[in-house]
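> In this note's numbering, the protein residues as written are 297 to 552.
Backbone N, C-alpha and C define an ideal beta-carbon position, used for all residues, glycine too.
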Amino acid sequence: MAVRSPVINVMVTAATKVARALNRDFGEIEQLQASRSGSWDFTNRSFQHGARILRETLSKARPVSQVNIPGFSVEEPNSRASELWIADPISGKTNFAHGIPHFAVSIAYLTNSETKSAVIYDFINDNLYWAEKGAGAYRNDRRIRVSKRHNVSDLVFGNFEAQPDIDRCHTAQAGVAKMGSSVRILGSPALDLALVASGVFDGFWSFSAKPAELSGGKLLIGEAGGFSQTGICENSGIAASNGQNNTKLMEILGLK
Numbered sequence: 297m298a299v300r301s302p303v304i305n306v307m308v309t310a311a312t313k314v315a316r317a318l319n320r321d322f323g324e325i326e327q328l329q330a331s332r333s334g335s336w337d338f339t340n341r342s343f344q345h346g347a348r349i350l351r352e353t354l355s356k357a358r359p360v361s362q363v364n365i366p367g368f369s370v371e372e373p374n375s376r377a378s379e380l381w382i383a384d385p386i387s388g389k390t391n392f393a394h395g396i397p398h399f400a401v402s403i404a405y406l407t408n409s410e411t412k413s414a415v416i417y418d419f420i421n422d423n424l425y426w427a428e429k430g431a432g433a434y435r436n437d438r439r440i441r442v443s444k445r446h447n448v449s450d451l452v453f454g455n456f457e458a459q460p461d462i463d464r465c466h467t468a469q470a471g472v473a474k475m476g477s478s479v480r481i482l483g484s485p486a487l488d489l490a491l492v493a494s495g496v497f498d499g500f501w502s503f504s505a506k507p508a509e510l511s512g513g514k515l516l517i518g519e520a521g522g523f524s525q526t527g528i529c530e531n532s533g534i535a536a537s538n539g540q541n542n543t544k545l546m547e548i549l550g551l552k
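(1) Look up Asn-541 in the DSSP assignment and give the residues it is bridged to.
(2) Can you look up Pro-507 in the DSSP assignment and give me helix, strand or coil?
(3) Where are the alpha helix (DSSP H) runs, 4 residues long or more, that stay fully inside the segment 380-410, in chain order?
(4) Got a sec, what are the start and stop residues for the alpha helix (DSSP H) Ala-427 sits in?
(5) Determine the DSSP secondary structure at Arg-358, reduced to helix, strand or coil.
(6) Bridge partners for Asp-418 per DSSP, in chain order?
(7) Does Glu-326 pass the burial test, meaning 16 or more other C-beta atoms within 10 Å, or should it be called exposed?
(8) State yes or no: is the C-beta of Thr-504 within less than 7 Å of the C-beta of Glu-457?
(9) I'd like to check one pair, Ala-535 with Leu-516: are the Cβ atoms closer than 7 Å?
(10) Hey, out of Ala-357, Ser-484, Gly-395, whose CA is closest to Tyr-405's CA?
(11) So, is Glu-352 buried or exposed, given that buried needs 16 or more other C-beta atoms within 10 angstroms?
(12) Might you give, ordered along the chain, the residues of its own chain that have their beta carbon closer than 7 Å to the beta carbon of Phe-322, omitting 5 neighbours on each side?
(13) What's the C-alpha gap between Ser-355 and Ser-477?
(14) Compute the beta-carbon to beta-carbon distance between Ile-403 and Ala-310, rounded to the nearest angstrom, for a pair I have assumed lies under 8 Å.
(15) If you count every other CB in all the chains shown that lies within 10 Å of the CB of Pro-485, and 16 or more means buried, which is it?
(16) Along the chain, where does the beta strand (DSSP E) containing Gln-525 start, and where does it finish?
(17) Output the distance between the C-alpha atoms of Asn-436 and Thr-411, rounded to the nearest integer angstrom.
(18) What's the call for Glu-324, buried or exposed, on a 16-neighbour Cβ count within 10 Å?
(19) Under DSSP, the alpha helix (DSSP H) around Gly-471 begins and ends at which residues?
(20) Please name the residue, chosen from Val-360, Ala-315, Ala-473, Trp-336, that lies closest to Gly-346 on a Cα-to-Cα basis.
(21) According to the neighbour-count rule (16 or more other Cβ atoms, all chains shown, within 10 Å of its Cβ), is Asp-418 buried or exposed?
(22) Assuming Gly-454 contacts Leu-482 under a Cβ cut-off of 8 Å, what Cβ separation, rounded to an integer in Å, is found between them?
(23) In terms of alpha-carbon separation, which member of Trp-336, Thr-312, Thr-467, Gly-518 lies closest to Asn-538?
(24) When DSSP labels each residue in this structure, what does Asn-319 get in the three-state scheme?
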């Protein structure tokens, strides 16, 4: 059985608390679908509630740390804080608002600007993805690895864009299709990266996902034996693969 460090245990505790609250909320979303704005108002309240739980739990566990939750109230930067949490209570807010069960709680722990630990919790399916620098990546208590697929006709890539109408996105999707591979757009960057780490997806890219959405998934993929490069588009975005399709993906994205 995999042994979790004290930091991972803190992260799992925080993610589980958020999951408990959001699971109740998600059960009510279906009743709000007929309302023009009701499901989004409800989702935003759920996000804020989850963010408060994350901040309180993580700050209490390590008072010297700083907590960064994009979309929540921003803390004043603390230049003396060498420990940072980057968290997202709902990676996949649009899915949550529409009653689509593909979203996750995401937490990354950084020391001196380097990601050391990550937790991505798909609580609808009770899949807890976690990793520590140098100690491997896991789903629940089982070690995970990236896929070994390399034949282009067998490859499935994930994609996410906050602005899906950009020309570069369409060009990349067309390039993957022309190569003979498939693209899936599932709507949760953190969880989609976990699917790369666990060998479900063979790769993933986004030109618009922000760094805070990617820290945990990047560590998971690295510890699972894969490849990833962040900041591919004006300091945003990521390209990730199982390590056997780097050249193909980077060429399609115009990065080679």
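Looking at the atomic coordinates:
(1) Its beta-bridge partners do not exist; DSSP assigns none.
(2) Helix at Pro-507.
(3) If we require 4 residues or more, the alpha helix (DSSP H) runs fully inside the segment 380-410 come out as 389-393.
(4) Ala-427 -> not in any alpha helix (DSSP H); beta strand (DSSP E) instead, spanning 423-428.
(5) Taken through DSSP and simplified to helix, strand or coil, Arg-358 comes out as coil.
(6) Asn-423, per the DSSP bridge assignment.
(7) Classification for Glu-326: exposed.
(8) The identity of residue 504 in the sequence shown is Ser, whereas the question assumes Thr. Closer than 7 Å, so yes.
(9) Contact: no.
(10) Sorting Ala-357, Ser-484, Gly-395 by C-alpha distance to the C-alpha of Tyr-405 places Ala-357 at the top.
(11) So Glu-352 ends up on the exposed side.
(12) Excluding sequence neighbours, Phe-322 sits near Phe-392.
(13) If you draw a straight line from the Cα of Ser-355 to the Cα of Ser-477, it comes to about 44 Å.
(14) The C-beta distance from Ile-403 to Ala-310 rounds to 6 Å, short enough to fall under 8 Å.
(15) Counting the other CB atoms within 10 Å of its CB gives Pro-485 a total of 16 or more, which places it among the buried residues.
(16) Residues 523-529.
(17) Approximately 20 Å, taken between the alpha carbons.
(18) Glu-324 counts as exposed, since fewer than 16 other beta carbons sit within 10 angstroms of its beta carbon.
(19) From DSSP, the alpha helix (DSSP H) with Gly-471 extends over 463-475.
(20) When only C-alpha atoms are compared, the closest one is Ala-315.
(21) When all chains shown are included, Asp-418 counts as buried.
(22) Going by Cβ atoms, the distance from Gly-454 to Leu-482 rounds to 6 Å, so yes, they are a contact pair.
(23) Residue Gly-518 is the option with its Cα nearest to Asn-538.
(24) Here DSSP, grouped into helix, strand and coil, assigns Asn-319 to helix.
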